[in-house]
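Presented below is the structure to which this report refers.
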Amino acid sequence: MERLVINGGQPLYGDIDINGAKNAAVAILPATIMASEGKCVIENIPDIEDVNCLERIISELGAEVKVGKNTIEIDSRNLTNTTACTEDVRKMRASYYLDGALLARFKQAKVDLPGGCPIGVRPIDQHIKGFEALGAKVNIEHGAVILKAERLIGANIFFDVVSVGATINVMMAATMAEGVTTLENVAKEPHVVDVANFLNTMGADIKGAGTDVIKVRGVKSLKGCNYSVIPDQIEAGTFMIAAAACGGEVTLTNVIPKHLESISAKLIEAGVTVDEGDDSITIKSTGKLKGVNIKTTPYPGFPTDVQQPMSAMLCVASGRSIITESIWESRFKHLDELKKMGASAKVEGRTAILEGVDKLTGAVVKATDLRAGAAMVIAGLIAEGETEIYNIEHIDRGYPHIEDKFKKLGADIHRIDD
Ligand code: EPU
Numbered sequence: 001m002e003r004l005v006i007n008g009g010q011p012l013y014g015d016i017d018i019n020g021a022k023n024a025a026v027a028i029l030p031a032t033i034m035a036s037e038g039k040c041v042i043e044n045i046p047d048i049e050d051v052n053c054l055e056r057i058i059s060e061l062g063a064e065v066k067v068g069k070n071t072i073e074i075d076s077r078n079l080t081n082t083t084a085c086t087e088d089v090r091k092m093r094a095s096y097y098l099d100g101a102l103l104a105r106f107k108q109a110k111v112d113l114p115g116g117c118p119i120g121v122r123p124i125d126q127h128i129k130g131f132e133a134l135g136a137k138v139n140i141e142h143g144a145v146i147l148k149a150e151r152l153i154g155a156n157i158f159f160d161v162v163s164v165g166a167t168i169n170v171m172m173a174a175t176m177a178e179g180v181t182t183l184e185n186v187a188k189e190p191h192v193v194d195v196a197n198f199l200n201t202m203g204a205d206i207k208g209a210g211t212d213v214i215k216v217r218g219v220k221s222l223k224g225c226n227y228s229v230i231p232d233q234i235e236a237g238t239f240m241i242a243a244a245a246c247g248g249e250v251t252l253t254n255v256i257p258k259h260l261e262s263i264s265a266k267l268i269e270a271g272v273t274v275d276e277g278d279d280s281i282t283i284k285s286t287g288k289l290k291g292v293n294i295k296t297t298p299y300p301g302f303p304t305d306v307q308q309p310m311s312a313m314l315c316v317a318s319g320r321s322i323i324t325e326s327i328w329e330s331r332f333k334h335l336d337e338l339k340k341m342g343a344s345a346k347v348e349g350r351t352a353i354l355e356g357v358d359k360l361t362g363a364v365v366k367a368t369d370l371r372a373g374a375a376m377v378i379a380g381l382i383a384e385g386e387t388e389i390y391n392i393e394h395i396d397r398g399y400p401h402i403e404d405k406f407k408k409l410g411a412d413i414h415r416i417d418d
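For the sequence shown, UniProt numbering gives the first residue as 1, with consecutive numbering after it.
Structural data, given as structure tokens:
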């Protein structure tokens, strides 16, 4: 079984390039199958397991997929299969974007229900509400979502909750509906904007992505294009926090500092120096930090996906930190692992109370989900002695070559496979 072994206590110094955004890439790849003319060439694709999984799924649907270094070429002209019911589809979250993409192009789809990290109940009622409003019949049978529409017709849809997945999925379906669709109470995350930009580059007519209201004027068809995925806000946030927690000076390149403002603000409050460049950000830290309170909210608030890495840092920040997780109800499982390393944490419902301790000590721990895994890596980097992290397949789903990147910054971290 593969594991990461970390000898903690090294400060981090140097430059690190941030990869393309996972949560943009995993929506853009399914969206490529909407092109009935030409090829899509997608650049700045992160080398992660969720992307490998989507490459297999899309090629099994009948697209020609050529994978290069951080680039994928997808030719979906001859794709006719609208059924995606495989283990790969069931094990990842973003496979649900096939629903919107296939429905838009073929007006039908059968896609197994998605999997993903065990961080809470993950309903898709808002996706279904949107598809139905556009005129699709939606049934769930034998674990698959079955979608069928004679025609898709533009509609006004007000989402009950702000959902990244529902916003992107329904926006994709609406790109080829007849007339205008108005989506209200939508998610504004950078990856929502990136997917809208990609769809527009394919020939869609989408306005307002990044605001509370998105307007989609339906077009007859989409064609292939070249596109480069935005930098990963969450990978960047994770490295910023690691540098802050370990101490040292780290410059992240290929980032959009604007997307990182909520994270920068909290790090500054904790006593870290954050210098923004045009497409870089530098973290300078003594490693001696103050506790801060965090509340996760949809963008532009503090991202839930950075809450777990941040809580690892706050374990050793002086005083009390209170974390309120308002997106996912079970996103504190990593705290039990951090307690094995000496953290003082108490969970009450959606709130975690951390009392800063002087140090963490290395232990054998597991990654209970993707971002929990990143939290354990940060904890291992700051802990005294050796930390072994198991179940690192979760980490590989979303962080490309995490150990190589930290090694480059001076960390003592190795992947061991026995
Ligand atoms: N929700 C509903 N109904 C729906 C959809 C969502 O009630 O139909 C609720 C959820 O239960 C949750 C909230 O709305 O309480 C937000 O969920 P959202 O739909 O925004 O989450 P998602 O699309 O399933 C994506 C990311 C997650 C990230 C969330 C929030 C992908 C593939 N996943 O999930 O990323 O936490 O948005 O930003 O884009 C991760 O990368 O580690 C990860 C879990």
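A virtual CB, placed ideally from N, CA and C, is assigned to each residue, including glycine.
Which listed residue (384, 400, 84, 341) has its alpha carbon closest to that of residue 10: Residue 10 sits at position 10 when you count from the first residue of the sequence shown. Ranked by Cα distance from residue 10, the options 384, 400, 84, 341 are led by 384.
Cβ-based neighbour list, residue 224, same chain, cut-off 6 Å, excluding 5 preceding and 5 following: Counting from 1 along the sequence shown, the entry for residue 224 is found at position 224. Result list for residue 224: 35, 38, 39, 40, in chain order.
Residue 191 (DSSP reduced to helix, strand or coil): Position 191 of the sequence shown, counting from 1, holds the residue named residue 191. Residue state, collapsed to three classes: helix.
heavy atom of the ligand EPU below 6 Å from residue 379 C-beta: Here residue 379 refers to the residue found at position 379 of the sequence shown. With a threshold of 6 Å, the Cβ atom of residue 379 does not count as near the ligand EPU, since no heavy atom of the ligand is closer than that.
Three-state secondary structure (DSSP) of residue 58: Here the question's residue 58 lines up with position 58 in the sequence shown. Judged by DSSP in its simplified three-state form, residue 58 adopts helix.
Proximity below 7 Å, CB of residue 131 to CB of residue 174: Numbered from 1 along the sequence shown, position 131 holds the residue referred to as residue 131. Numbered from 1 along the sequence shown, position 174 holds the residue referred to as residue 174. Taking 7 Å as the Cβ cut-off, residue 131 and residue 174 do not qualify as a contacting pair.
Segment contact, 8 Å Cβ cut-off, at least three pairs: the region 315 to 330 with the region 348 to 366: With the cut-off at 8 Å, the region 315 to 330 and the region 348 to 366 touch.
Close-in-space but distant-in-sequence residues of the same chain around residue 101 (CB under 7 Å, 5 per side omitted): For the purposes of this step, residue 101 is taken as residue 101 along the sequence shown, with counting starting at 1. If we look at residue 101 and ignore the five residues flanking it on each side, its Cβ neighbours are 30, 31, 33, 34, 172.
Three-state class that DSSP yields for residue 96 in the structure shown: Position 96 of the sequence shown, counting from 1, holds the residue named residue 96. The three-state secondary structure of residue 96, taken from DSSP, is helix.
Three-state secondary structure assigned by DSSP to residue 155: Locating residue 155 in the sequence shown gives position 155, where the first residue counts as 1. It is coil, neither helix nor strand.
Contacts around residue 312, its chain only, beta-carbon distance under 6 Å, and the 5 residues preceding and following it disregarded: On the sequence shown, residue 312 is found 312 positions in, with the first residue counted as 1. Closer than 6 Å at the Cβ level, and outside the excluded window around residue 312, lie 375, 378, 379.
Nearest residue (CA-CA) to residue 68, options 121, 52, 77, 401: Here residue 68 refers to the residue found at position 68 of the sequence shown. Comparing C-alpha distances from residue 68 to each of 121, 52, 77, 401 shows the shortest one belongs to 52.
Residue 123 CB to nearest heavy atom of the ligand EPU below 6 Å: Taking the first residue of the sequence shown as 1, we reach residue 123 at position 123. Yes, the ligand EPU has a heavy atom inside 6 Å of this Cβ.
Assumed close pair residue 134, residue 152 - CB separation to whole angstroms, cut-off 8 Å: Taking the sequence shown and counting its residues from 1, one reaches residue 134 at position 134. Taking the sequence shown and counting its residues from 1, one reaches residue 152 at position 152. Right, their Cβ atoms sit about 5 Å apart.
Three-state secondary structure assigned by DSSP to residue 12: Here residue 12 refers to the residue found at position 12 of the sequence shown. Strand.
Simplified DSSP state of residue 418, which is helix, strand or coil: For the purposes of this step, residue 418 is identified with residue 418 of the sequence shown, where counting begins at 1. DSSP places residue 418 in the coil class of the three-state scheme, outside both helix and strand.
Extent of the continuous beta strand (DSSP E) to which residue 32 belongs: In the sequence shown, residue 32 corresponds to position 32, counting from 1. From DSSP, residue 32 is part of no beta strand (DSSP E) but of the alpha helix (DSSP H) over 22 to 32.
At least 3 beta-carbon pairs within less than 8 Å: the region 5 to 22 vs the region 248 to 257: Yes: the two stretches touch, three or more of their Cβ pairs being nearer than 8 Å.
As assigned by DSSP and simplified to three states, the class of residue 388: Position 388 of the sequence shown holds residue 388. Here residue 388 sits in strand by DSSP.
Alpha helix (DSSP H) segments (min. 4 residues) lying fully within the region 268 to 336: You should have 304 to 314.
Residue from 214, 219, 110 whose Cα sits closest to the Cα of residue 142: Translated into the one-based positions of the sequence shown, residue 142 becomes position 142. Checking every option, the nearest Cα to that of residue 142 belongs to 110.
Status (buried if at least 16 other CB within 10 Å, exposed otherwise) for residue 325: Taking the first residue of the sequence shown as position 1, residue 325 is located at position 325. It counts as buried.
Neighbourhood of residue 156 by C-beta distance below 7 Å, restricted to the same chain and skipping five residues each side: The residue you call residue 156 lines up with position 156 of the sequence shown. A distance below 7 Å between beta-carbons, with the five flanking residues on each side excluded, links residue 156 to the following residues of its chain, in chain order: 182.
For residue 83, the nearest candidate out of 58, 77, 93 (CA to CA): Walking along the sequence shown from the start, residue 83 turns up at place 83. The residue with the shortest Cα to Cα distance from residue 83 is 58.
contact_flag[the region 290 to 309, the region 212 to 220] where n(CB pairs < 8 Å) is 3 or more: Using a Cβ-Cβ distance cut-off of 8 Å, the region 290 to 309 and the region 212 to 220 are not in contact, since fewer than three pairs of beta carbons, one from each stretch, lie closer than that value.
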